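Undergrad: Sharing a structure, written as structure tokens. Questions coming.
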Amino acid sequence: MSAQLYFLVIGAIAVAVPVLVLWRERQRGLNENLLEGAEETSPPFGGDPVTSELSARIFDPEDSEFVAGETSRQTARSFRRQRAVLALDWLGEVRKEVSLLMRAHRRAARDNPDLTPADELKLGFEFLLFQVTTGTLYLVIWLVGPLHAARLVGYSLELAGQLRKLSEDILPAGTRVAVELLDIEPQAKN
Amino acid sequence: MFLITLWLMALVFESLVLVRAALGNVLKYYPFFYLYLSCVLFRDASLMAVYYLWPRLYGYAYWYSEFLNVALGCGVVWEVYKVALSRYPGAARMARNVLPFLFVFAASRIFVKAWNSPNWIPGRTTLETERDLRIVQMALLLGLVALFAYYAIPWRRNLKGIIYGFSVFVATTVIHLTFGNYLGESFRYLWPYIQPMVYIVVLLIWCWTLWSYEAAPELETNPRLEIDYQSMAAATKRQLRAAHTFVLKAIRS
């Protein structure tokens, strides 16, 4: 039995490695094509008010409340499901844009003799942080829907803000933790 | 009989890779790799003679020559780094900073053991010492491959073959030396057959990918190359943070 297991594991590895390599090569090819178009335009993060407004609308409870008040429970449930799909698509798009941005950066950095390893590592860490944050958000939206996710994010940021305030009160000025991402004021509703 | 056949097959394929390299003028592009393979061929042929003529000396001959091979294997990793990143100064700079750290990290185990051991060989057994050295090689190879993947460094067919083949060889050696003692009799019975078979596969990969020299593709002109690195990194960081804020703002609104 154990001998068969060894062969099974070895066989699985022998099959998995070429498949993974081929898949990666293919992905790389696809991404290179995407990148060609993406390099010409910079991602519209925050710069475009229309995009920001539309993005915020996905997570706004107003539409959902309206549908819930005016239609049947089944329609309201269907609406929430559609909103979750939309929110996941939106988040997926943002993640893709950022991946393309980082890819363009890496392609330029690899040729640049003035590259600073410390800066590259910091940038890599920020990218990882972004991926982890948005990955968690993706999971939360998938699990509880965009409206609850928005509430959850709101609570988390509020809590983090309070902790930061507390740390500012307790710690001396030189050792305060700078959390730039938490300096976000909620947008005014339309 | 089967093992002898595998041994002979290995000799034939090793010779074939070397002859093809000599005929195809590939030797000069990967000198360390071919030096390594020549040594392996010479060692395999000599060990076969020792095995039949002086069987009692086989163990010594095997282990001393094995350590020479491990040292030359490190040269192969260095050559992979040198050839693959020669046209990418930024990625090469990153590798020069990351790889020594990885080396120290992976080799620290050997140094700690050497410090605590009364013998000059750091491991308790030669098997253990070889495993530790192979783990260092594997860590360096993994670090390099991760770096190539991160910076999307294109691999030429020749280099791809060297990396795949050598990685498979080092990985199977580490598996053998690590799990050999834990997985019991059946594993010890099977492994002497599995490892030479894997090695034949490795040689086939080398035959296929190193049959002829593949010149490096033309470098694409990168419009962002003219930009100063610091401003480029700052711009990327700014956009990354903007994206982060954008997502949180949209959700929190």
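These protein sequence lines map, in sequence, to chains Z and A. Sequential numbering of the first sequence, starting at 155, is according to this note's numbering. Sequential numbering of the second sequence, starting at 12, is according to this note's numbering. C-beta atoms are modelled at their ideal positions from N, C-alpha and C, and glycine is treated no differently. Bear in mind that the values here come from a model prediction, so they are computed numbers and not experimental data.
Below 8 Å between beta carbons: does that hold for residue 38 of chain A and residue 45 of chain A?
TA: Cβ atoms of residue 38 of chain A and residue 45 of chain A: closer than 8 Å.
Undergrad: If residue 72 of chain A and residue 61 of chain A are in contact, beta carbons under 8 Å, what's the gap, nearest whole angstrom?
TA: Right, their Cβ atoms sit about 5 Å apart.
Undergrad: Would you list, in sequence order, the uninterrupted alpha helix (DSSP H) runs of no fewer than 4 residues that lie entirely inside the stretch 114 to 178 of chain A?
TA: Whole alpha helix (DSSP H) segments, 4+ residues: 137 to 161.
Undergrad: Just to confirm before moving on: does the CB-CB distance between residue 268 of chain Z and residue 240 of chain A stay below 8 Å?
TA: Remark: C-beta atoms of residue 268 of chain Z and residue 240 of chain A approach each other more closely than 8 Å.
Undergrad: Using only the alpha-carbon positions, how far apart do residue 100 of chain A and residue 126 of chain A sit?
TA: 37 Å
Undergrad: Name, please, each residue of chain Z whose Cβ falls closer than 9 Å to the Cβ of residue 243 of chain A.
TA: 259, 262, 263 and 266
Undergrad: If you measure from the beta carbon of residue 279 of chain Z to each beta carbon in chain A, is any gap under 8 Å?
TA: False, the Cβ-Cβ gap to chain A never drops below 8 Å.
Undergrad: When burial is assigned at 16 or more other CB atoms within 10 Å of the CB, is residue 316 of chain Z buried or exposed?
TA: exposed
Undergrad: Unbroken alpha helix (DSSP H) runs of length 4 or more, entirely within the stretch 221 to 300 of chain Z: which are they?
TA: 227 to 265
Undergrad: Answer yes or no: does any C-beta atom of chain Z fall closer than 8 Å to that of residue 27 of chain A?
TA: No, no contact with chain Z.
Undergrad: Which of the three DSSP states, helix, strand or coil, is assigned to residue 101 of chain A?
TA: helix
Undergrad: Is it buried or exposed for residue 160 of chain A, if we count other Cβ within 10 angstroms and need 16 for buried?
TA: exposed
Undergrad: Using only alpha-carbon positions, find the residue among Z:253, Z:212 and Z:239 that is nearest to residue 162 of chain A.
TA: Z:253
Undergrad: Output needed for residue 261 of chain A: all residues of its chain with C-beta closer than 7 Å, excluding positions within five of it in sequence on either side, in chain order.
TA: none
Undergrad: Does residue 181 of chain A have its Cβ less than 8 Å from a Cβ in chain Z?
TA: no
Undergrad: Please classify residue 41 of chain A as buried or exposed, where buried requires at least 16 other C-beta atoms within 10 Å of its C-beta.
TA: Residue 41 of chain A is buried by the Cβ-count criterion.
Undergrad: Taking the beta carbon of residue 65 of chain A as the centre, do at least 16 other beta carbons fall within 10 Å, making it buried, or is it exposed?
TA: By the neighbour-count rule (16 or more Cβ atoms within 10 Å), residue 65 of chain A is not buried but exposed.
Undergrad: Check the Cβ-Cβ distances between residue 188 of chain Z and every residue of chain A, and say whether any is below 8 Å.
TA: Here the model assigns residue 188 of chain Z a pLDDT of 49, short of 50, so the residue's position is not dependable and the matter cannot be decided.
Undergrad: When you compare the CB positions of residue 255 of chain Z and residue 291 of chain Z, do they come within less than 8 Å of one another, or not?
TA: no
Undergrad: Am I right that residue 204 of chain A and residue 13 of chain A are in contact with their C-beta atoms under 8 Å? What's the rounded C-beta distance?
TA: 7 Å
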